[in-house]
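Working notes, structure below.
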Amino acid sequence: MKFVHDTNSFLLSLVILAELLVHSSPRPTPSPSLCSMFGSMMHHVEKLINSSKKLHDLTDNQLLNFVDVEHKLDGLPVIPHTAAHFRSLKVNESLSQLYVYTESFRLHAKWLKTVRENVSVPSQAAEGASINLKHLSDLIKASLDQISEEVPESAPPSLPVVSTAFDALRFSVEISEQLQVFCHWSKRVLRHLQRPSHCQRR
Ligand SMILES: *[C@@H]1O[C@H](CO)[C@@H](O)[C@H](O)[C@H]1NC(C)=O
Ligand SMILES: *[C@@H]1O[C@H](CO)[C@@H](O)[C@H](O)[C@H]1NC(C)=O
Ligand SMILES: *[C@@H]1O[C@H](CO)[C@@H](O)[C@H](O)[C@H]1NC(C)=O
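Each number in this note's numbering comes from the position in the sequence shown (counting from 1) with 496 added on.
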């Protein structure tokens with residue numbers, strides 16, 4: 497056994513040892529790496545919540561002027577939010593869905609970076625979000641591989657050419673809001689996947 501550095505990991509070792517002694521009969525091996533990938537995904541989603549709010553620099557009051565603005569980006573995923581959806585989630589299907597949404601938002605964030613550069617407004621937040629989304633996407637891909645599930649193909653969204661700062665702002669607001677909806681959805685999905693019944697199955 498490895499040298500134990502601190503009390504916590506010492507206690508953890510005791511718990512694991514106790515578990516091993518109690519469950520002497522053969523049982524499915526828990527998969528700590530899949531569970532820890534879900535944990536890392538959660539971490540990236542938390543970071544993404546922060547960067548999604550910074551995609552535009554409007555105050556809450558200024559944002560009110562945009563509530564009635566028509567949504568223009570048809571390629572943005574429409575996130576389901578019914579309770580029934582969560583009850584029926586299977587690991588393979590939720591990960592595939594999470595992957596498709598993540599890739600779509602990643603491409604939109606990358607596009608937004610170019611759009612904002614083109615009209616000479618700060619684009620670091622869009623770049624930050626697209627990097628967070630890339631990390632998230634890579635982790636989901638790795639966990640799909642781990643459960644031997646095919647990585648879904650996603651068609652690139654069709655995105656308009658933007659020539660005015662106002663349009664760039666409007667699209668920033670739209671992506672920011674939808675990305676926040678996606679983040680909250682992802683957190684619920686990941687919490688569901690982190691439950692022991694899912695985490696330890698494989
Ligand atoms: C998100 O932002 C808040 C405040 O700006 C900060 O305290 C928190 O650590 C950030 N979270 C992550 C995961 O970056
Ligand atoms: C997901 O796994 C279940 C069994 O756990 C299987 O019935 C279903 O067909 C799988 N779905 C996909 C999309 O592969
Ligand atoms: C950015 O500007 C270039 C050059 O003017 C143009 O070709 C490109 O379509 C613009 N990109 C977007 C996303 O509007």
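From the three backbone atoms N, C-alpha and C, an ideal C-beta is built for every residue, glycine too.
- Take LEU544, set aside five residues on each side of it, and the residues of its chain with a beta-carbon closer than 6 Å to its own are ASN628, CYS679, in chain order.
- Looking only at SER592, PHE582, SER682, LEU665, the smallest Cα-Cα distance to LYS568 is reached by LEU665.
- For ASN614, the Cβ falls inside the 6 Å cut-off from some heavy atom of ligand 3.
- By the Cβ rule, the region 645 to 657 counts as touching the region 594 to 602, because three or more pairs are nearer than 8 Å.
- Short of 7 Å from the beta carbon of TYR595, and not among the five residues preceding or following it, lie these beta carbons of its own chain, in chain order: SER633, ILE636, LYS637, LEU640, VAL647, PRO648.
- Boundaries of the alpha helix (DSSP H) around ARG612: 587 to 614.
- Every residue whose beta carbon comes nearer than 7 Å to a heavy atom of ligand 2 appears here in chain order: LYS586, ASN588, GLU589, SER592, GLU645.
- For THR660, the CB stays at least 6 Å from every heavy atom of ligand 3.
- Cα atoms of PRO618 and ARG612: separation of roughly 7 Å, rounded to the nearest angstrom.
- Between the alpha carbons of GLU542 and TRP607 lies a distance of about 22 Å.
- For VAL617, the shortest separation between its Cβ and any heavy atom of ligand 3 does not lie below 6 Å.
- Comparing alpha carbon positions, the residue from VAL574, VAL658, LEU560, SER536 closest to GLN676 is VAL574.
- Secondary structure at ASP553: coil, using DSSP grouped into helix, strand and coil.
- Not a single heavy atom of ligand 3 lies less than 6 Å from the C-beta of VAL677.
- Annotation: SER644 to SER616 spans about 44 Å, alpha carbon to alpha carbon.
- Runs of alpha helix (DSSP H) with 4 or more residues, each lying fully within the region 619 to 691, are found at 620 to 642, 661 to 689, listed in chain order.
- Rounded to whole angstroms, ALA621 and ASP553 show a C-alpha spacing of 10 Å.
- A distance below 6 Å between beta-carbons, with the five flanking residues on each side excluded, links HIS631 to the following residues of its chain, in chain order: HIS540.
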